[in-house]
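Novice: In numbering that gives the first Met the number 0, the protein residues as written are 0 to 608. Backbone N, C-alpha and C fix where the C-beta goes; we use that ideal spot for every residue, glycine too.
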Amino acid sequence: MLERSDLAENALQALHDEAYGVPFDPRNLNHRTMVFTGGRDGRSLNGDWTFCVDLLDTGLRQKWYAMQPMAPEERTEPWDYDPYDGETVPVPSCWQMLKEKWYFFEGSAWYTRPLDMDAADAEDADRRWFLRVGAAQYDCKVFLNGVFLGNHVGGSTPFFAELTGHLKAGRNWLMLMVNNTRTADRVPMRNTDWFNYGGVYREVELFAMPRTVIRDLFVHLAADDGYDRIRAAVEVDGPAAAARLEIPALGIDVAVPLDADGRGAVEVDARPDLWSPESPTLYDVVLSAGGDRVSDRVGFRRIERVGDEIRLNGRPLFLRGISVHEDDEATGKVTGEEDLRRRFAHARELNCNFLRLAHYPHHERAARLADELGFLLWEEIPVYWAIAFDDPRTYADAENQLLELIRRDRNRASVIIWSVGNENPDTDARLAFMSGLARTAKSADPTRLTSAACLVNHARKRIEDRLAEHIDVIGINEYYGWYEENFEDLVDIGRNSAPGKPVVISETGADGVRAPQGPARGLFSESYMREVYEKQIAILRNLSYVKGMSPWILYDFRVERRQNVFQRGFNRKGLIAADKATKKEAFHVLSAYYAQRRAAAESEAEDGR
Ligand code: GCB
Numbered sequence: 000m001l002e003r004s005d006l007a008e009n010a011l012q013a014l015h016d017e018a019y020g021v022p023f024d025p026r027n028l029n030h031r032t033m034v035f036t037g038g039r040d041g042r043s044l045n046g047d048w049t050f051c052v053d054l055l056d057t058g059l060r061q062k063w064y065a066m067q068p069m070a071p072e073e074r075t076e077p078w079d080y081d082p083y084d085g086e087t088v089p090v091p092s093c094w095q096m097l098k099e100k101w102y103f104f105e106g107s108a109w110y111t112r113p114l115d116m117d118a119a120d121a122e123d124a125d126r127r128w129f130l131r132v133g134a135a136q137y138d139c140k141v142f143l144n145g146v147f148l149g150n151h152v153g154g155s156t157p158f159f160a161e162l163t164g165h166l167k168a169g170r171n172w173l174m175l176m177v178n179n180t181r182t183a184d185r186v187p188m189r190n191t192d193w194f195n196y197g198g199v200y201r202e203v204e205l206f207a208m209p210r211t212v213i214r215d216l217f218v219h220l221a222a223d224d225g226y227d228r229i230r231a232a233v234e235v236d237g238p239a240a241a242a243r244l245e246i247p248a249l250g251i252d253v254a255v256p257l258d259a260d261g262r263g264a265v266e267v268d269a270r271p272d273l274w275s276p277e278s279p280t281l282y283d284v285v286l287s288a289g290g291d292r293v294s295d296r297v298g299f300r301r302i303e304r305v306g307d308e309i310r311l312n313g314r315p316l317f318l319r320g321i322s323v324h325e326d327d328e329a330t331g332k333v334t335g336e337e338d339l340r341r342r343f344a345h346a347r348e349l350n351c352n353f354l355r356l357a358h359y360p361h362h363e364r365a366a367r368l369a370d371e372l373g374f375l376l377w378e379e380i381p382v383y384w385a386i387a388f389d390d391p392r393t394y395a396d397a398e399n400q401l402l403e404l405i406r407r408d409r410n411r412a413s414v415i416i417w418s419v420g421n422e423n424p425d426t427d428a429r430l431a432f433m434s435g436l437a438r439t440a441k442s443a444d445p446t447r448l449t450s451a452a453c454l455v456n457h458a459r460k461r462i463e464d465r466l467a468e469h470i471d472v473i474g475i476n477e478y479y480g481w482y483e484e485n486f487e488d489l490v491d492i493g494r495n496s497a498p499g500k501p502v503v504i505s506e507t508g509a510d511g512v513r514a515p516q517g518p519a520r521g522l523f524s525e526s527y528m529r530e531v532y533e534k535q536i537a538i539l540r541n542l543s544y545v546k547g548m549s550p551w552i553l554y555d556f557r558v559e560r561r562q563n564v565f566q567r568g569f570n571r572k573g574l575i576a577a578d579k580a581t582k583k584e585a586f587h588v589l590s591a592y593y594a595q596r597r598a599a600a601e602s603e604a605e606d607g608r
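(1) Does the beta-carbon of glutamate 422, which I'm using as the reference point, lie nearer than 6 angstroms to any heavy atom of the ligand GCB?
(2) May I ask you to report which of helix, strand or coil DSSP gives histidine 151?
(3) Our contact map puts tryptophan 109 next to tryptophan 101 with C-beta atoms below 8 angstroms; I'd like the distance itself, whole angstroms only.
(4) Report whether the distance from the Cβ of glutamate 687 to the nearest heavy atom of the ligand GCB is below 6 angstroms.
(5) Quick one: what does DSSP say isoleucine 405 is sitting in, helix, strand or coil?
(6) Please report the straight-line C-alpha distance between aspartate 326 and arginine 540, rounded to a whole angstrom.
(7) Determine contact between the stretch 393-404 and the stretch 193-211, defined as no fewer than three beta-carbon pairs at a distance below 8 angstroms.
(8) Just verifying my parser: in three-state terms, what is the DSSP assignment at aspartate 627?
(9) Taking 6 angstroms as the cut-off, is the CB of glutamate 506 close to at least one heavy atom of the ligand GCB?
(10) Quick one: Cα of arginine 319 to Cα of aspartate 427, how far?
(11) Please list the terminal residues of the continuous beta strand (DSSP E) segment that includes methionine 528.
(12) With H, G and I counted as helix, E and B as strand and the rest as coil, what does DSSP make of proline 256?
(13) Between the C-alpha atoms of leucine 59 and valine 177, what's the straight-line distance to the nearest angstrom?
(14) Valine 199 by DSSP, collapsed to three states: which one?
(15) For the stretch 342-378, list the beta strand (DSSP E) runs that are entirely contained and at least 3 residues long, ordered along the chain.
(16) For phenylalanine 317, does the three-state DSSP call read helix, strand or coil?
(17) When you compare the stretch 498-518 with the stretch 263-279, are there three or more beta-carbon pairs, one atom per stretch, that lie closer than 8 angstroms?
(18) Taking DSSP as the reference, what is the three-state secondary structure of leucine 1?
(19) Does the beta-carbon of tyrosine 482 have 16 or more other beta-carbons within 10 angstroms, so that it is buried, or is it exposed?
(20) Is there at least one non-hydrogen atom of the ligand GCB closer than 6 angstroms to the beta-carbon of lysine 441?
(21) Start and end of the alpha helix (DSSP H) containing threonine 439?
(22) Would you mind reading off the limits of the beta strand (DSSP E) that contains asparagine 495?
(23) In three-state terms, what does DSSP make of phenylalanine 158?
(24) Apart from the five residues just before and just after valine 132, which ones in its own chain have a Cβ nearer than 6 angstroms to its Cβ?
(25) Heavy atom of the ligand GCB less than 6 angstroms from the Cβ of aspartate 425, yes or no?
(26) Span of the beta strand (DSSP E) holding valine 212?
(27) Taking a contact to mean a Cβ-Cβ separation below 7 angstroms, would you say arginine 296 touches leucine 281 in this structure?
(28) Roughly how many angstroms lie between the CA atoms of leucine 454 and alanine 467, to the nearest whole one?
(29) First and last residue of the alpha helix (DSSP H) that includes glutamate 605?
(30) Just list the alpha helix (DSSP H) runs in the stretch 48-74, keeping only unbroken ones of 4 residues or longer that don't cross its boundaries, in chain order.
(31) If you pair each beta-carbon of the stretch 228-237 with each one of the stretch 256-270, do three or more pairs fall below 8 angstroms?
(32) In angstroms, rounded to a whole number, what distance separates the CA positions of proline 71 and phenylalanine 569?
(33) Where does the unbroken beta strand (DSSP E) through alanine 241 begin, and where does it stop?
(34) Here's the rule I'm using: 16 or more other beta-carbon atoms within 10 Å means buried, otherwise exposed. How should leucine 1 be labelled?
(35) Hey, would you say valine 255 sits closer than 7 angstroms to glycine 237, going by beta carbons?
(36) Measure the C-alpha to C-alpha separation of phenylalanine 147 and valine 141 and round it to an integer number of angstroms.
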């Protein structure tokens, strides 16, 4: 037992210790500690958690996580916060959306909740327990019963903490410290054109698993040119000599031999009906090993780049797309099924077959729905603008986010492109950083295309970026008619460029605000926005190497940089206003263009049949 004088001494030391955060940043919860959760029943830990913002990181300095639950009158030392008592918030949520006093808060916040376990469960030596957090922005430290289990960095990918050996029968306490401070070495860094929400904003679940745990399952068409072989790669943690793969509708039931590290792969003959937006066929896939069992619904299709074409199942493809953020006027980044279904319904009305999920990994349900509904997706990590390209820790963070995204979504047929960043300056450090990410994406997943949203070289009036050599599809963000005034320059750029690879116009657009809040004409008017769309389409449709576009953006979204009288804290380039209902004139322009492209694609498909 510490004496009061020792406590005072410790407290004093804590005040002077500016390295207090170092032991809490091992970044040990990362892509390597992921577990495959398809088909598993988790116990939801959503709902009310005790909550406190902590601007000065007092909780780490004073070890709030080590306090015992106790009635106030029983406490014998002074305390500054009781994690077991006080204000509560729902999880998932973004704290900005809950109370006005938290709207601009950037820093640390503590979440605490009880976790009650039956003795039979807690003491079962044959079970392992994993906590899954769907996403927390940005650094999340996990404590159980006062023990620090690790932290995760990266605000939009899921992570796992193994609780085995730390859970006891009866009441346990789970604590998460989440920090959303914007720093120069994070991914993204300090400056972005979207709102810096904070909190545990995706679902939290607890999974019970046997001693042997299936960590990964990756199923896809085998890498040759044909369509008649399926490959599965698996990773199993724990004793098992082989796994068993079943795809009942294709008559597949085979053993997957595992090596000493629990890894194995098989290729089997099969003729699946191919997945496409027109015919989004999915198959039930089941994998079992050492008493563990997981499942997934998987579509089989081939996406490739040939010259300046993108081909899906061997047929040239034009991506009729739209960009989207994960943002909601009322809930911030919290995304439910209804919101996603509305998003896809609007994309359908636009005659889209493609969505760019910008600028960070969206909720995994987006790709699951796209698989079912038949949409193609571009997924992205937030390597946005001026990242610390020469900082190896920043690279490790970006690469980890990319690998977590790929592991989460690489069974989704809808996902065709991994994007490694957006609008970054063409420096040597950036080239090394982003070409490294593109290589990582290819080695983790050779079945998809890589891309990045690049900029045109305005001075030389051409598409020119050294990264282009390292990616399959060149994304181009261009704002002729908005940030760049002269449309003639876009015509020149089109003429001067011979990229030799497919180009997707990953962004273009203009702000437009419906009157009477918006002006009747000129910048920020709905009619000027419409004109920009008309002119862009008129020019881009003639460029043979442009194989798709995803204008900016489906809905208006919240962002602090935009404060003029028309913006009022929102980027107003949405084809639909922030209410997700009010369509602007440009919506109909894009929808009409895509209807023409769709009709042309359908008649080409008819002819090719
Ligand atoms: C861009 C960025 C995007 C912005 C958009 C804009 O180029 O990639 O994040 O929101 O322009 O509206 O300026």
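Specialist: Taking the coordinates as given:
(1) yes
(2) strand
(3) Not a contact, Cβ separation roughly 13 angstroms.
(4) Outside the displayed span of the chain (0 to 608) sits residue 687, for which this structure offers no information.
(5) helix
(6) 30 angstroms
(7) no
(8) It is not possible to answer for residue 627, since the shown part of the chain is limited to 0 through 608.
(9) yes
(10) 33 angstroms
(11) Careful: methionine 528 lies outside any beta strand (DSSP E), inside the alpha helix (DSSP H) at 525-539.
(12) strand
(13) 12 angstroms
(14) strand
(15) 353-356
(16) coil
(17) no
(18) With a pLDDT of only 47 at leucine 1, under the threshold of 50, the placement of this residue in the model should not be trusted, and no figure is reported.
(19) exposed
(20) no
(21) 427-443
(22) That residue, asparagine 495, is in no beta strand (DSSP E); its alpha helix (DSSP H) goes 486-495.
(23) strand
(24) Phe158 and Val203
(25) no
(26) 212-220
(27) yes
(28) 11 angstroms
(29) 584-607
(30) 57-60
(31) yes
(32) 44 angstroms
(33) 241-246
(34) Any reading at leucine 1 needs caution, since the residue's pLDDT is 47, under 50, leaving its predicted position unreliable; the model's value is listed next. Answer is exposed; the Cβ neighbour count stays below 16.
(35) no
(36) 6 angstroms
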